[in-house]
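One structure is given below, encoded as structure tokens.
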């Protein structure tokens, strides 16, 4: 059964992705050396799917009675996220035979955006107060 916290987190991630998509469509064509929108869209879709998986794994672990299992689920999802990003960059390089500054910059911005969202969501779900 899908709970409202899962739906809310998924919707927030979807809204964030749509905002980044529209900003990318506006900003990227105006650069001195434009980054191809197809590559940006594919990279954004990859980030969205990976972060959705990590978020769902965290929420699944949060429901666990065994705290050890919850921690293992969360850390394994975060480790998998790192390796998927690494595989993505290596695959991109092998396919295109170059890593342009535009790709590196867009990847870094997407990485920071989705990492900040993930950390904010994790801390929010853990009810950590300042």
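Numbering (the numbering used here), first residue to last: 1 to 130.
Idealized CB from N, CA, C, for every residue including glycine.
Keep in mind the model is a prediction, meaning the values are calculated, not measured.
By the DSSP assignment, the alpha helix (DSSP H) with residue i in it spans what residues?
i	result
residue 31	Looking at the DSSP string, residue 31 is not in any alpha helix (DSSP H), and its letter there is neither H nor E.
residue 81	67 to 96
residue 39	37 to 62
Distance check for residue j and residue i, CA to CA, integer angstroms please.
i	j	result
residue 94	residue 75	29 angstroms
residue 49	residue 116	16 angstroms
residue 113	residue 97	26 angstroms
residue 89	residue 21	20 angstroms
residue 63	residue 32	48 angstroms
Would a check of beta-carbon distances place residue i closer than 8 angstroms to chain B?
i	result
residue 91	Among the chains in the structure shown there is no chain B, since it carries only a single protein chain.
Could you give the C-beta distance for residue i and residue j, rounded to a whole number, given that I count them as a contact under 8 angstroms?
i	j	result
residue 10	residue 52	6 angstroms
residue 61	residue 44	Wrong, their Cβ atoms sit about 26 angstroms apart, outside the cutoff.
Report the three-state DSSP secondary structure of residue i (helix, strand or coil).
i	result
residue 129	Low confidence applies to residue 129: its pLDDT is 49, below 50, so where it sits in the model is not reliable enough to give any reading.
residue 112	helix
Give a yes or no on contact between the segment 81 to 94 and the segment 10 to 23, applying the rule of three or more CB pairs nearer than 8 angstroms. At 8 angstroms Cβ cutoff, the stretches do not touch.
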